[in-house]
Amino acid sequence: MKKLLYIAFMLIIYACSAGNDAGNNSLYMKNGNDYINMANRFSKSNNRNGAIKNLKLAYEQFSLGDLIEQKTETAIQLYRNNYLEENYIEANRWFDIAVKLSPEKTNFLKFEKSKVMFELGKFEAALHLLKNIPRFREDAIDIEKLTVTAISKYKLGRSYKKELGFIEENSSKYDDDVSLHGFVTYHLAWLYFEEAEFAKADSKIKKALELYKLDSNPAATADALFLAGKISIRLNKAKDAKNYLLRALDTYKALGDKKNAEICKSALNKM
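FYI, our numbering numbers position 259 of the sequence shown as 256, with every residue one higher than the one before it.
Pasting the structure below:
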């Protein structure tokens, strides 16, 4: 009888402990996600130092709950933001942490690395990484990968028509992911603009602006407005062009992006 009572007592203690752990993990998850949301707001405003600070706080919370998936995702975002800030040693440290946490996600993590190379204009490095990544998921990753590949090939003077065709045929499948759909649609507009297919570019950039508005992404919106202005100039729509460029200029100023604000001013002065 004593033995049965002891077993029952230990089971009660275990259940209470498990309940406390679950409750704590839920709290750590909430706290971590709050910091992630704050980091995303900083990132979309091009304030990477603010993003890094909040991502580190998020990582601390996820570590307290030993939430591996969340820690991995946060580590790769810390890699991205540090690399874009040219903190290369710190960036690579976070990339190694991400791989160590989730070795089964190595291909996905390499893809995230290729996007950073792409964003920095290191197209050869981006393509090198992409070539070594198989079609590891039949979903949004592939269309994003193909978009990065197509632009990189164009920038390097290589054929990209195969990728472009696939993107056009499949981009509408991701309408529910406004961030991804905005990224793909903006770059399609950019490609068509470079190919002097201005009517197609105009259609795509208007769609991209709708998506970026839904995504509350001011940095991407500013770039899209600027491209919309350039497209309108080529379509001889001076009034529309001026409107887009002025909105782009205001957005760049609000973001503290002096470099792109000056480029925008220059475009306005040439009209």
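For each residue, glycine too, the CB sits at the ideal point set by N, CA and C.
Boundaries of the alpha helix (DSSP H) in which residue i is found, first to last residue
{"i": "Asp237", "result": "235 to 252"}
{"i": "Ser99", "result": "Looking at the DSSP string, Ser99 is not in any alpha helix (DSSP H), and its letter there is neither H nor E."}
{"i": "Asn79", "result": "65 to 81"}
{"i": "Ile228", "result": "215 to 231"}
{"i": "Leu126", "result": "120 to 128"}
Residue i - DSSP class collapsed to helix/strand/coil
{"i": "Lys255", "result": "helix"}
{"i": "Arg155", "result": "coil"}
{"i": "Ser42", "result": "coil"}
{"i": "Ile148", "result": "helix"}
{"i": "Glu192", "result": "coil"}
{"i": "Lys267", "result": "coil"}
{"i": "Gly162", "result": "helix"}
{"i": "Lys262", "result": "helix"}
{"i": "Gly29", "result": "helix"}
{"i": "Gly290", "result": "In the structure as shown, the chain begins at -2 and stops at 268. Residue 290 is therefore absent and cannot be evaluated."}
{"i": "Asp139", "result": "helix"}
{"i": "Asn84", "result": "coil"}
{"i": "Gly179", "result": "helix"}
{"i": "Leu185", "result": "helix"}
{"i": "Asp172", "result": "coil"}
{"i": "Leu117", "result": "coil"}
8 Å contact criterion, which residue i and residue j should meet: CB distance rounded
{"i": "Asn78", "j": "Leu54", "result": "Not quite, the Cβ-Cβ distance comes to about 13 Å (not below 8 Å), so this is no contact."}
{"i": "Pro215", "j": "Leu161", "result": "Not quite, the Cβ-Cβ distance comes to about 28 Å (not below 8 Å), so this is no contact."}
{"i": "Ser168", "j": "Ile140", "result": "6 Å"}
{"i": "Leu265", "j": "Leu246", "result": "7 Å"}
{"i": "Leu206", "j": "Ala225", "result": "7 Å"}
Looking at C-beta atoms only, is the number of pairs between the stretch 184 to 191 and the stretch 142 to 150 that lie closer than 8 Å three or more? yes
Is the number of C-beta pairs between the stretch 30 to 41 and the stretch 55 to 72 that are closer than 8 Å three or more? yes
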